[in-house]
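In the working numbering, the protein residues as written are 255 to 960.
We put the CB at the ideal spot given by N, CA and C, even for glycine.
All figures in this text were calculated on a predicted structure; none of them were measured in a lab.
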């Protein structure tokens, strides 16, 4: 009975049984997988062939599944893709058949921001313990970790173990960095496409590079150029002879004899609107000199040109020539607007009224027309020195130009070749300029009258397209000079004896000389002069957030008055209107506005007006991501090494991955959480009490107390 009472007292005191229990929180190992476009660079050399950095990453992970299995038993493995930011990926996934698969998105981020991505990984971990960050990257980034981030990693004891991807040496990559092409042109034009290529390996010999221009509609190769082995040239000009009208897509492709490390930057597409209509030319000549006689016949028989020709010295009853003869010169802007090119022969400035001179000047400046001067002994250029047209002369005004005191030969310049003009070929000579024209051994090739233009008198921006092959007074004399003026161009030919070449090669050289110059001048005025309105967008290819200028031009003030003070244009993507923009009236016949596209893609710009619905005024604009990473394919393994050493980690080669488990510190957290169980209501206490009371009863029976 005393024992039972003691047990009761003990139970009343509330004794507890403590059962030891320990909780272990695994630490994280964060794997950062580079998913930027530079991972597609093909520069990881194997025993046989090469592979992309992306394939190298996948092989490293899939070939070390046992390592990750073992590591996953001790730590939580977290897989993150990164480029401009971090995002969760499935990572290494075991299939039902026991095989492993690496499930990650394609490498397509346009930038690699390592510092931002490391910060994002730390934020995802929150308060969880991190054993380390394993960084699989080529090191290329525009966002390296700064001192503050390094201090944070060191303070939090988060080491970075880097697995460098890609080549350890200098990578040579061929890329197309820029393409300059007109947005519109006439068919049958010689259309210049300026291409700038780069070879990224400094100090390494550049390979043979072939640049091709392909028409996507037909698959035809329009032109090709070659840069030989070791050449330091970076620019080439491809010349296309278009024959099909409409909106065309051409692709410039750069090739090497060996596989290039980044084929994504080896091509660039361009859109060009090819217009099928005759070029309209107004030719005004002072008197029937020899150059006039051959040039006017050339203009009449050339099928791609419609000409109106006026001979100033002719009698009133003389029938003016040309495909579209005129009896008087244009007196209004509307009448002059229908001509793409104006040719001024040797006429006195007084023949043109001040108003007509102003019309020609404005036509070149605002409408993009071309002006061609043909020098003469009587009036051009000195009589125009006091008129508004002096601004369109490529040399400064001054005293009357004297003729050269000796015959000269003409040769085209590199500028002309780059523009695709003055490319004179013969049946037996495919060079851009026949050598016979530069030799004094051929009297027919010599020019006996040419004006002496001091090169120092050329205006800023003037370009010499042809010059004398001989030096006169210590320098070569400019013979064909171009000046860009506003939206148009002006070309001055300092001789009127191109006709002499017919005695050596017939009409061929003369035709090529004049037709190429005239068509070059007409390329900037490709709109239909008979159409009441035109829409222009510049540039036609741009990057997101780069401004583009949208302009609507109408022919007359009355049309503009009917349209009102603004015209709305729709911005269409994939057949859906994604926005509108109001073009404000900026001039009598001009509307304009600026737009900043935000997302890449193809945008169609189209006016929304019942007056303009019958006109096809739409323009196509391509907004493209400029993948700058591919412009410089070099890896930056030194940066990865620096990050690892500064944070207490190290560089880990693929062959050393099995040591990753020993290299990663143990950051797991052990938490003691013992289990306390009360005794008073336990079965044991009940059993003890029953046993004690039963023992007392049995004892009392034995000794006869009951």
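In the three-state reduction of the DSSP assignment, residue 720 falls in the strand class. Membership of residue 915 in the alpha helix (DSSP H) is indicated by the continuous run 914-917.
Residue 608: member of the alpha helix (DSSP H) spanning 608-621, first to last residue.
In the structure shown, residue 953 falls within a helical segment according to DSSP collapsed to helix, strand and coil. Here the alpha carbon of residue 821 sits roughly 7 angstroms from the alpha carbon of residue 863.
With fewer than 16 other CB atoms across the displayed protein chains lying within 10 angstroms of its CB, residue 555 is exposed. Residue state for residue 933 is assigned as coil, using DSSP reduced to three classes. Three or more Cβ pairs closer than 8 angstroms define a contact, and the region 835-849 meets that threshold against the region 800-813.
A direct Cα-to-Cα measurement between residue 752 and residue 539 gives close to 16 angstroms. 775 is the residue among 285, 775, 643, 588 whose C-alpha sits nearest the C-alpha of residue 595. Counting every other CB atom within 10 Å of its CB across the protein chains shown gives residue 757 a total below 16, marking it as exposed. When only Cα atoms are considered, residue 593 and residue 557 end up about 16 angstroms apart. When secondary structure is reduced to three states using DSSP, residue 333 falls in the strand class.
Measuring C-alpha to C-alpha distances from residue 823 to each of 800, 791, 812, 853 identifies 791 as the nearest. Here residue 627 is not near residue 714, since their CB atoms are 8 angstroms or more apart.
Between residue 289 and residue 363 the beta-carbon gap is near 5 angstroms, inside 8 angstroms, which marks them as a contact. A residue is called buried once 16 or more other Cβ atoms fall within 10 Å of its Cβ, and residue 767 is buried on that count.
DSSP, read as helix, strand or coil, puts residue 756 in helix. About 4 angstroms separates the beta carbons of residue 446 and residue 674, which is inside the 8 angstroms limit, making them a contact pair. Scanning 417, 406, 485 for the CA closest to the CA of residue 900 turns up 406. Apart from the 5 residues on each side of it in sequence, residue 855 sits with its Cβ closer than 7 angstroms to the Cβ of 827, 877 in its chain, given in chain order. Put simply, the backbone Cα of residue 379 is about 16 angstroms away from that of residue 287. The three-state secondary structure of residue 406, taken from DSSP, is helix. Scanning its chain for C-beta atoms nearer than 7 angstroms, with the 5 sequence neighbours on each side dropped, one finds around residue 667 the residues 718, 719, 720, 721, in chain order. A distance below 7 angstroms between beta-carbons, with the five flanking residues on each side excluded, links residue 709 to the following residues of its chain, in chain order: 729, 732. Residue 690 carries a helical assignment under DSSP once its states are collapsed to helix, strand and coil.
Residue burial annotation: residue 739 is buried, with at least 16 other C-beta atoms found within 10 angstroms of its C-beta. Residue environment analysis places residue 850 among the exposed positions, since fewer than 16 neighbouring C-beta atoms fall within 10 angstroms of its C-beta. No residue range can be given for residue 557, since it is assigned to no beta strand (DSSP E) and is classified by DSSP as neither H nor E. Spanning the alpha carbons of residue 623 and residue 658 requires a straight line of approximately 31 angstroms. Within the same chain, Cβ atoms closer than 6 angstroms to the Cβ of residue 839 are found at 819, 845, the five residues on either side in sequence being excluded. Within the model, the alpha-carbon separation for residue 403 versus residue 896 is close to 13 angstroms. Around the beta carbon of residue 617, a 10 Å sphere encloses 16 or more other beta carbons of the protein chains shown; the residue is thus reported as buried. Annotation for residue 891: 393, 418, 422 place their beta carbon closer than 7 angstroms to its own, counting only its chain and skipping 5 residues before and after. If you draw a straight line from the Cα of residue 953 to the Cα of residue 267, it is about 28 angstroms long. Put simply, of 551, 428, 490 the residue whose alpha carbon is nearest the alpha carbon of residue 519 is 428.
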